[in-house]
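Chains as they are written, first to last, in the numbering used here: chain A, 2 to 354; chain B, 2 to 354; chain C, 2 to 354; chain D, 2 to 354.
Shown next as structure tokens:
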């Protein structure tokens, strides 16, 4: 049994880490920290866990977390993680960080995207940016891992194989990533914009330009393409709690056919249980839809070709709290610890829900 | 490994039986029948199961089901189950029936409530009406089990302890059961009333009087009270897919205090993992809410006393497809087979969802 | 043109008063007060009104409101209205108060239901409790009117005719009022319980016992019955923004038939445009459903008889912000000013929505 | 009073035409046809209209419609309208057609986009494609008008001024139009894909490539630009009933600033009451959101500039049944008849809803 600590366990991602790790057959959650709720029962903040755990939140005390854990999941906000995680990393523990603080390998990007100078650029090299379906071998050997943002994971899983496959001739200057996300991605803090009467039935554009996840997506895609890639991303809040659909619009020079696209996806995802290629001839769910991955660690990927305009529409869907966050992080831990990647994560999506 | 057959596996309850039993560590699903989809892959009808099973639907052939199964779950409509289940029961298999065809022990009730004369009244005695939290010992020894309706299970779990505890002085003539249910309880067949544009944001009264589940509720409550009990039930469709909240309004003669009600519940549900008593002092979820049981086999039960009018408001919530149907059925099988009751059913509710 | 002032115009009821009165052919909104937004454009707070008005919020200055208005609508919280409205009433203006501060005619009820001693019991006699369909003539001559709570209006419109008609033999001790309401009734202030991720898809019991609107309902029903009536009310928040369905469960001594119930309703509501009796033989909307009144001033009323238990299920639906609040208030003003009752209120419900 | 006939009045667009025209001060609805419901009361099919009209549906009899109407609104499916509308047009009546049958001026486009050869190409020249904000003067003099598709209207109102303004240097080959639409746009016919349990909480890509409205958008934009324009459109069904948000992603050569975009919009929409330019500095509704136009004839338009990639994100929102369909059609009639454009259409959006 690996002893697990969770930093900032009172948020939605923290709650999902708790839910999954409390049921994980190889993990024992020893610590769940919360500045606000230290001393409080976990089930008071995450009432879905009533009857399932007597764990209490503890303070953000690095020394204690280090003493009680083999692996630490950090679900802190960006800018906060970098204050405590280095100490844990330096102590030799394995870390899965879910903030943005260790995602970008170029320290020069932090001031412009996140507004601070990175205090530990040495760690940026040591942290492995982890999407197991993209770089499983690297993750397997890692001690320090950074789990990307929910929209980044979802977009990258649809885009990486397309950029990698040069023969498709993807136009790297006109990649439009149009994301539709549920409310849980915005966290648990009430505000006017999340007030039910104001949030119900919206299609609300937020970050139409300059969404921070663009940077991580560009970083991965550039690595795939071997050249710079520009990602033009816009995000929209829609009327649901869980789930992301990313619609990526790409222009192709070479008139690729469906079979070519299939091949690109299959060659990257053969053996990746959690990516499902979805492209049926009929039915309401013939293409990816977040509704069909809710409650699971799956990312569904599909596409359509617009022959008239030489456009490729790539579609990808995740449960933003699972494959988009806690699930991807636990999958990474499974690899780091030498467990089967699916351990504790193989639950089927709920349907209908 | 117990070999499991599922009759009528293409509906929502069938899909939920499949989802849960495919992941059940002691069960192997050998057969899933569907008149309409025989020969089709299961994941075409239940696309959430893509990538999780290569099983195909087979025809409703009793001989084959009998040959391949140790336990059969029948999710057929009422009136259909009674045509095929007797043959399976007579062949000595264990059966968990989810229709109404074996729920009422008094054959005289079938003509008025269901419009047919029961062809096998001998079986009505042999089938055990199963809510493990109410009659666990009886279920343990049973070979033939009837799993109640979703609203009946939810209502009974709130009401049975109150009727059993004579000292509360519950007025048995004025029990109002006001249920609010999600769309999945109505099944998967499209119609004008389930058309999204017509169904979204409704609070639609249906069966305001004479809901069939009243009969099973009265049957259990009369057994608890040792006297006849009248249940006045009304059901409403609300704007969600999964979940039931049952609000039961009871009048009490004896001025019971909260502690008395607690005691009645605790004495019946001590040791019942799947019933959670929920009555916090504060918080958005201080009383049962279906939102907090979605994805789980829990039934949350709570209450409030209206001292001014001598009224007790009992509240109970389930995921109608799990504890209200497939979960309760599998829990029954677990007991029948001597497994731990929780086997394959201990998943935590999702939150938020 | 009547000059209209609106106190506390920044909330949802205030916004609805603004929306309707800005389009009212006989009214001119001169003043809209808001402590928080004084000096701000109205359309910044109610962005649906962009392009429709250049009005700005002003401070809660009674003198100025009195100078600029002929009629004042007060949408203040209870306890606040009583601090400013007396001054306006004493100045001789017409007042339509939407708080609870002038609803109960018995001053002795204020300490127990609202926690304060009423400072101006003399005004309680002068204010007319107004539901035009119940006491149109009284409202017509009034200068001071109190418009009831949304759940009270909805419940009363279903119940009053039944209690008035003695021949029905309604059991006055066992009247259960089970309400299902949208989020807008809870106002515009964000909190954890209204945070979208926590509020979406709930069926949340709140005030299962002791809802304050019980007092006003009992007051009207007692007047109808000529005897004390006990109302046992519970309210539930459901997954929608606008609308209320009230399900009232009543027990009848005398075996009334549908025709008897029809007669009771028709005799009270003949000539009342805004009450629609809804009881079709078929169709998804054969009984009242809030979905079908959204955007309108209608209250739909219907019923079903449970012969088995001598129960009458009365159903009523309103748009809580219109007939449940702003619409009922404007309808009252129309009568007070001698306008046609429907002026500015005859818009059809939206469907589907 | 203009006598109005409505063809195919039983669908959602027909229902909306009825709702608005029954309340229109200058119109009298004489005829509402429905093949399926001929002889039935209109309020049986559109139950929101209960109590508001005693009109009955009549058969699709052109002779009778011609005799009783001055203006005919045709809400027939494409391919059906062209069978009956020419007869009405030839009889000299004014026609507002809401199908696709008279939208495209190039008859050569019908076989590829709609699968039929146009039988009356002469009429294509006579029908004016009407979005009053784009070509008000043309509509004013017209007798025959074609009202575009809901997504086309919404997209065009955001895009036309940008393509017209050459100085912006819009890249005409990489225009991505990503639409998010409510369920009412798909009509009132039940199917598996519109079954509530399958449709709730989806983000479902449909027509990711080749949406038919692309043709009309390209037609208008080419007229604006004076050159061919390629529109790459994808549509998604989201979890709401009414409303469209169109997110248009454009690439600009010339580094335009916000002020340049403002000018392009203002120069086209000065004097257009129903287009609101929305671009606040803060607040949940600082950019267009369909939630804020529901119930109204407004189209809200706004934008954001992605300087990093030279991208312009244009956003537009409508109530698809009003400005996207019935409202635009009635606005066109108002102009054709010489009424004020706003007559019967100036209702404020509902909020919150």
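Glycine is no exception: its CB is placed at the ideal position from the N, C-alpha and C atoms. Remember, predicted model here, so these are calculated numbers, not experimental data.
Identity of the residue in D:210, D:147, D:67 nearest residue 91 (chain D) by Cα: D:67
Min CB distance residue 312 (chain C) to chain F below 8 Å: No chain F is present in this structure, whose protein chains are A, B, C and D.
Collapsed DSSP secondary structure at residue 131 (chain D) in the structure displayed: Residue state, collapsed to three classes: coil.
is_contact[residue 352 (chain B), chain A] using C-beta, thresh 8 Å: yes
Where residue 65 (chain D) sits in the DSSP three-state scheme: helix
Three-state secondary structure assigned by DSSP to residue 1 (chain C): Here chain C covers residues 2 to 354 and nothing more, so residue 1 (chain C) does not appear.
Alpha-carbon to alpha-carbon, residue 228 (chain D) and residue 222 (chain D): Residue 222 (chain D) and residue 228 (chain D): Cα-Cα distance of roughly 8 Å.
Chain-ordered neighbours of residue 357 (chain C) on chain D, where CB pairs are closer than 7 Å: With chain C covering 2 to 354 only, the question about residue 357 (chain C) has no answer from this structure.
Distance between residue 181 (chain B) and residue 151 (chain B) (C-alpha atoms, nearest Å): 11 Å
Stretch-stretch touch, CB-based, cutoff 8 Å, three pairs: the region 43-59 of chain C with the region 9-21 of chain D: no
Buried or exposed by the 16-neighbour rule on C-beta atoms within 10 Å, applied to residue 36 (chain B): exposed
Opposing strand residues paired with residue 207 (chain C) [DSSP bridges]: C:236, per the DSSP bridge assignment.
Distance between beta carbons of residue 100 (chain A) and residue 77 (chain A), contact taken as under 8 Å: 5 Å
Integer Cβ distance of residue 112 (chain A) from residue 332 (chain A), believed to fall under 8 Å: That belief does not hold up - the Cβ atoms of residue 112 (chain A) and residue 332 (chain A) are roughly 31 Å apart, past 8 Å.
Within chain B, partners of residue 193 (chain C) - CB distance below 9 Å: 284, 285
CB of residue 254 (chain C) within 8 Å of CB of residue 170 (chain C), strictly: yes
For residue 22 (chain A) and residue 340 (chain A), the rounded distance between their alpha carbons: 14 Å
Cα-Cα separation, residue 154 (chain D) to residue 249 (chain D): 13 Å
Cβ-based burial, residue 117 (chain B) [other Cβ within 10 Å; buried from 16]: So residue 117 (chain B) counts as exposed.
Residues of the region 244-255 of chain D whose Cβ lies closer than 9 Å to any Cβ of chain A, in chain order: 244, 245, 246, 248, 250, 252
8 Å Cβ cutoff met for residue 291 (chain A) and residue 320 (chain A): yes
CB contact below 8 Å: residue 226 (chain C) versus chain B: no
Proximity test, Cβ basis, 8 Å: residue 345 (chain A) and chain B: Contact with chain B is absent for residue 345 (chain A), since none of that chain's Cβ atoms lies less than 8 Å from the residue's Cβ.
Whole-angstrom distance between residue 127 (chain D) and residue 138 (chain D), CA atom to CA atom: Their backbone Cα atoms lie some 15 Å apart in a straight line.
Residue 82 (chain A), DSSP secondary structure in three states: helix
Contact between the region 204-212 of chain A and the region 311-326 of chain D (3+ Cβ pairs under 8 Å): yes
Same chain, Cβ closer than 7 Å to residue 104 (chain A), five either side skipped, listed in chain order: 130, 147, 149, 217
Within chain C, the residues that residue 242 (chain A) reaches when beta carbons sit closer than 8 Å: 197, 198, 201, 202
Residue interval of the beta strand (DSSP E) (run including residue 177 (chain A)): 176-182
Bounding residues of the beta strand (DSSP E) (the contiguous stretch that carries residue 155 (chain B)): Counting along the chain, residue 155 (chain B) falls outside any beta strand (DSSP E), though it belongs to the alpha helix (DSSP H) covering 151-165.
Residue 197 (chain B): first and last residue of the uninterrupted alpha helix (DSSP H) it sits in: 197-200
Proximity of residue 285 (chain A) and residue 301 (chain A) at Cβ, strictly below 8 Å: no
Rounded separation between residue 5 (chain B) and residue 72 (chain B) - CA only: So the two alpha carbons sit approximately 5 Å from each other.
Separation of residue 240 (chain D) from residue 183 (chain D), as counted between CA atoms: 7 Å
Proximal residues to residue 28 (chain B) (C-beta, below 6 Å), its chain only, five neighbours per side dropped: 3, 5, 22
Proximal residues, the region 35-65 of chain A versus chain B, C-beta separation under 8 Å: 45, 47, 48, 49, 50, 51, 52, 53
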